[in-house]
Amino acid sequence: MKNNASQGTLDTGSSDKVVRTLCGLCHTNCGMIISVKNGVIDKVRGDPENPGNRGKLCPKAAAVKEFVYSPERLRHPLLRTENGLEPISWDQALDIIANKFGEIKEKYGPEAVVLNRGAPVTQDVHDAFTQLMAAFGSPNATGPSHLCHWPIEIGMKLVTGRNGGPDYPNTKCVIFWASNPLDSTRVGEGVVFGRYDKVITEAKSKGVKVIVIDPFRTAVAAKSDKWLPIWPGTDVALGLAMLHTIITEGLYDHDFVAKWTTGFNELKEHVKETSPAWAEKITGVSAGDIQWAARTYAASKPASILPGNGLEGITSSVDSTRVIGMLEAVTGNLDIPGGNVFFPQVPLSRYPTVRPDKKPLGSDEYPLFTRLSFPVFADAVITGKPYRPRALLAYHSNPLLINANEKKVREALQKLEFIVVFDMFKTATAELAHLILPAASCFEKDGFRPFSSPEGAFVALRQKVIEPLPDCRSWVDVEYEIARRMGLADTYPWTNTEEWINYRLKPSEVTVEQLRQKHVVYVTPPVKYMKYTVSGFSTPSKKVELYSDTARQLGYDPLPVYKEPAESLRSKPEMGEKFPLIGTTRRPGVYIHTRLRNMPQLRKLEPAASVRINPGDAQKRKISEGDRVVVESMNGSIPLMARVTDAAKPGLVVIDFGWGNPGDNGANVNVLTSDGERDPFSSTTSNRRFLCQVKKA
Ligand SMILES: Nc1nc2c(c(=O)[nH]1)N[C@H]1C(S)=C(S)[C@@H](COP(=O)(O)OP(=O)(O)OC[C@H]3O[C@@H](n4cnc5c(=O)[nH]c(N)nc54)[C@H](O)[C@@H]3O)O[C@H]1N2
Ligand SMILES: Nc1nc2c(c(=O)[nH]1)N[C@H]1C(S)=C(S)[C@@H](COP(=O)(O)OP(=O)(O)OC[C@H]3O[C@@H](n4cnc5c(=O)[nH]c(N)nc54)[C@H](O)[C@@H]3O)O[C@H]1N2
Ligand code: SF4
Ligand SMILES: [Mo]
């Protein structure tokens with residue numbers, strides 16, 4: 000099979016057709032070339048000409064056929080009746096939704112209908128049902144944002160204005176801070192540098208210093224020059240101690256600090272007391288290692304940091320990010336070659352949204368979190384305060400399993416009058432639904448993806464590979480049909496997939512037609528560095544705000560402050576009697592969140608939900624590799640398989656996240672997590688830290 004990327008056409012050989020497209024299983028959206036024989040997906044390979052993955056695919060890609068043709072896929076709309084779930088027609092299903100939403104709007108107002116979307120692994124998930132909610136008049140869109148992307152976004156917005164990605168090709172030192180790109184394939188927020196797996200090996204071969212700050216010895220920690228095994232939830236202390244070393248030893252960039260920051264004197268004063276010796280007791284990382292990391296990072300200019308999702312499962316998510324932004328700034332590493340760079344982005348047109356005076360639930364408590372946070376939603380459903388949401392449309396998401404405190408989330412979902420789940424599979428959340436809609440997979444519909452890269456921002460087309468399996472539908476059609484039935488379609492800027500994509504890409508002056516010809520279209524020039532010298536930073540003062548007036552005015556600490564997490568043996572040693580271990584969660588690289596455990600090829604690679612425990616802790620409990628164990632926390636207990644390994648330090652246990660769907664025979668780790676304590680800016684719950692005990696089953 001030959002291909003010609005510049006024209007976007009591919010020789011078909013003996014296949015019906017060969018389609019150049021994008022994988023939509025995870026955020027990375029690798030370029031794929033898929034051949035179709037007799038209307039069925041035949042071969043899947045990486046697209047060597049895609050600027051992101053350059054031909055490489057991860058192990059999950061091997062399961063594309065199993066995923067699309069899985070016998071477990073939902074194939075009809077299902078309505079819950081007295082006799083259980085009964086298949087109904089699409090027309091009936093859409094009528095029921097339109098009627099029920101209309102009824103709820105009449106009785107309680109539009110805001111009683113809530114949308115829950117999952118992680119935006121494709122642009123579809125990001126955009127789906129936005130316009131419907133706007134036309135309908137509900138400001139309440141929720142999902143995992145309090146655990147994903149938004150806490151880092153809020154933290155960086157306060158300090159540097161925007162989250163800059165490591166400029167790997169030019170850096171001399173990179174800190175993977177709560178990030179694990181070798182499993183997550185996420186080397187930056189939407190930024191590609193060619194193959195994600197090569198970014199680290201190439202850096203290492205050039206002598207770039209690699210430092211990893213992570214409680215667990217991950218794939219990237221094992222390759223690093225230094226791994227700092229931090230206790231989860233203590234990153235603010237580590238960051239403040241690094242700032243202490245850099246500032247007291249004069250290792251900061253004096254010129255940049257003088258010209259481009261506000262509040263340096265306040266920060267200098269603030270970190271006087273936060274010495275590495277102080278942080279050692281909190282973080283479990285030795286003072287010497289903290290000093291070494293601070294000095295190495297400050298001295299290896301240009302240097303960069305990749306703050307990762309590990310910071311977004313702790314209740315100091317935003318302050319952890321703020322200290323990282325400050326480290327980037329005081330060392331003068333912002334937007335310079337090899338530092339943390341604001342890469343060019345694809346301009347997209349905005350959707351019409353609900354009236355600006357209509358604020359989501361919780362906006363008084365979390366003014367910087369401009370959508371509805373799931374914990375706030377669950378509270379409102381349970382307490383009815385300030386009002387009770389009545390209906391939930393869950394699209395491409397599994398809220399029951401992914402939020403902290405499963406028991407409480409279940410209680411909230413069970414209190415709703417009407418739940419629609421729109422998914423490919425009958426998930427744990429779907430089991431609570433009143434109506435289930437069968438979704439077309441990412442390979443059964445057109446879509447697009449905006450990317451950033453040092454060579455410029457570009458758009459790529461996700462071309463439909465096959466028609467949707469019978470009776471499965473794409474969100475575009477479903478959303479528009481609901482709007483039409485409710486008399487809201489007039490306000491729609493689009494009526495079908497092609498119009499949706501063209502609408503969004505208008506400011507980039509690219510059309511679906513062009514993308515079908517070329518597949519990848521660059522819409523900006525290559526990255527320019529030091530843009531702040533022209534336009535300043537995206538903060539109110541146009542400078543990096545080390546001391547934040549915005550935070551102060553909203554009643555927050557203007558400087559990041561370390562607070563001991565609620566579940567803590569240091570502040571509450573008595574808790575250690577029952578729960579002497581600190582638990583965190585791990586994301587198995589062969590799965591994505593709660594997905595793909597029903598793919599036989601992948602299941603062979605990670606067969607069971609596991610807890611990783613240090614050999615010493617295992618021995619004390621007479622636990623051996625492969626034993627069945629029970630893990631207990633204050634919130635509940637779950638059965639798991641023990642893996643005995645020194646990748647977990649003494650006192651730490653690491654439990655797989657994402658199990659718990661019907662039929663996967665694994666337990667949901669969020670049975671153990673608590674939603675009580677929350678980050679004051681972002682409402683992040685403690686999904687990555689909890690006290691627990693492990694016992695032999
Ligand atoms: N303890 C703990 N909790 C966590 C995390 C953690 O690390 N630890 N991680 C957090 C993070 S970062 C995130 S992003 C969230 C993830 O939270 P979610 O995004 O809600 O979780 P997913 O399992 O990805 O749910 C996606 C659902 O979409 C379905 N699906 C797949 N393709 C399609 C399609 O084309 N159309 C439709 N309609 N449905 C489709 C899948 O079957 C699946 O049920 O979890 C968060 N929760
Ligand atoms: N295969 C696969 N790829 C994925 C996903 C998936 O589920 N599977 N999910 C996608 C999504 S939605 C996201 S958000 C990205 C996330 O991708 P990354 O940002 O790379 O995050 P993780 O892979 O979750 O790795 C986070 C690391 O932080 C560590 N950690 C946990 N708590 C703490 C803490 O308190 N402090 C510190 N310093 N470290 C901590 C964990 O041990 C873990 O190694 O991955 C995306 N890619
Ligand atoms: S699942 Fe694998 S192949 Fe698909 S986009 Fe993610 S990393 Fe790429
Ligand atoms: Mo995420």
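Under numbering that gives the first Met the number 0, the first residue of the sequence shown carries the number 0, and numbering increases by one thereafter. Built from N, CA and C at the ideal position, the CB exists for glycine as well. Small disclaimer: the values here were computed from a predicted structure and weren't measured.
At the level of alpha carbons, what is the spacing between residue i and residue j?
i    : j    : result
Y251 : I245 : 6 Å
G164 : E188 : 7 Å
G154 : V560 : 13 Å
V67  : F450 : 25 Å
L181 : N308 : 13 Å
I381 : G535 : 45 Å
G262 : S34  : 58 Å
T593 : N52  : 24 Å
D123 : V511 : 15 Å
R688 : T494 : 45 Å
R294 : R116 : 42 Å
D94  : D476 : 14 Å
A4   : K517 : The predicted model places A4 with a pLDDT of 45, which falls under 50 and marks its position as unreliable, so this point remains unresolved.
G361 : L371 : 7 Å
D288 : S204 : 23 Å
T320 : R483 : 43 Å
D678 : S537 : 23 Å
F424 : E71  : 7 Å
K542 : W259 : 5 Å
A646 : Y590 : 20 Å
L604 : G625 : 15 Å
G665 : V419 : 25 Å
Can you check which of these residues, the options, is closest to residue i by C-alpha distance?
i    : options                : result
D110 : R44, W474, W89, R387   : Contrary to the premise, residue 110 reads as Glu rather than Asp in this sequence. Among R44, W474, W89, R387, the Cα nearest to that of E110 is on R387.
F680 : N669, S348, M485, E152 : E152
I435 : D234, V670, L73        : L73
H148 : S137, R161, G136, N139 : R161
L671 : W658, L237, G662, T426 : W658
G554 : P366, W176, K357, T200 : P366
L266 : A278, K357, M325       : M325
V464 : G23, N397, E676        : G23
Given a cut-off of 7 Å on the beta-carbon distance, is the pair residue i and residue j in contact?
i    : j    : result
H26  : V120 : yes
S547 : P557 : yes
S673 : N634 : yes
P228 : K619 : no
S682 : H145 : yes
A302 : N332 : yes
A459 : P343 : no
N339 : F373 : no
F128 : E478 : yes
Reducing DSSP to helix, strand and coil, say where residue i ends up.
i    : result
N82  : coil
G45  : strand
Y555 : coil
N2   : Residue placement at N2 is flagged as unreliable, the pLDDT there being 40, under the threshold of 50; a coordinate-derived value is accordingly withheld.
K727 : As shown, the chain starts at 0 and ends at 696. That puts residue 727 outside it, with no answer to give.
N339 : strand
Y546 : coil
I435 : strand
Q692 : strand
S144 : helix
V458 : strand
Y350 : coil
K59  : helix
P661 : coil
C25  : coil
K16  : strand
V522 : coil
G154 : helix
F215 : strand
G30  : strand
Let me see if you follow: with CB-CB separation under 7 Å, is residue i close to chain B or not?
i    : result
R586 : The structure shown contains no chain B; it holds only a single protein chain.
Roughly how far, in whole angstroms, is the beta-carbon of residue i from the beta-carbon of residue j, given that I think they are within contact range, below 8 Å?
i    : j    : result
F417 : K99  : 5 Å
R19  : Q462 : 7 Å
E65  : M529 : Not quite, the Cβ-Cβ distance comes to about 48 Å (not below 8 Å), so this is no contact.
For ligand 5, is there any heavy atom lying closer than 6 Å to the beta carbon of residue i?
i    : result
L431 : The model depicted lacks ligand 5 and carries ligand 1, ligand 2, ligand 3 and ligand 4 instead.
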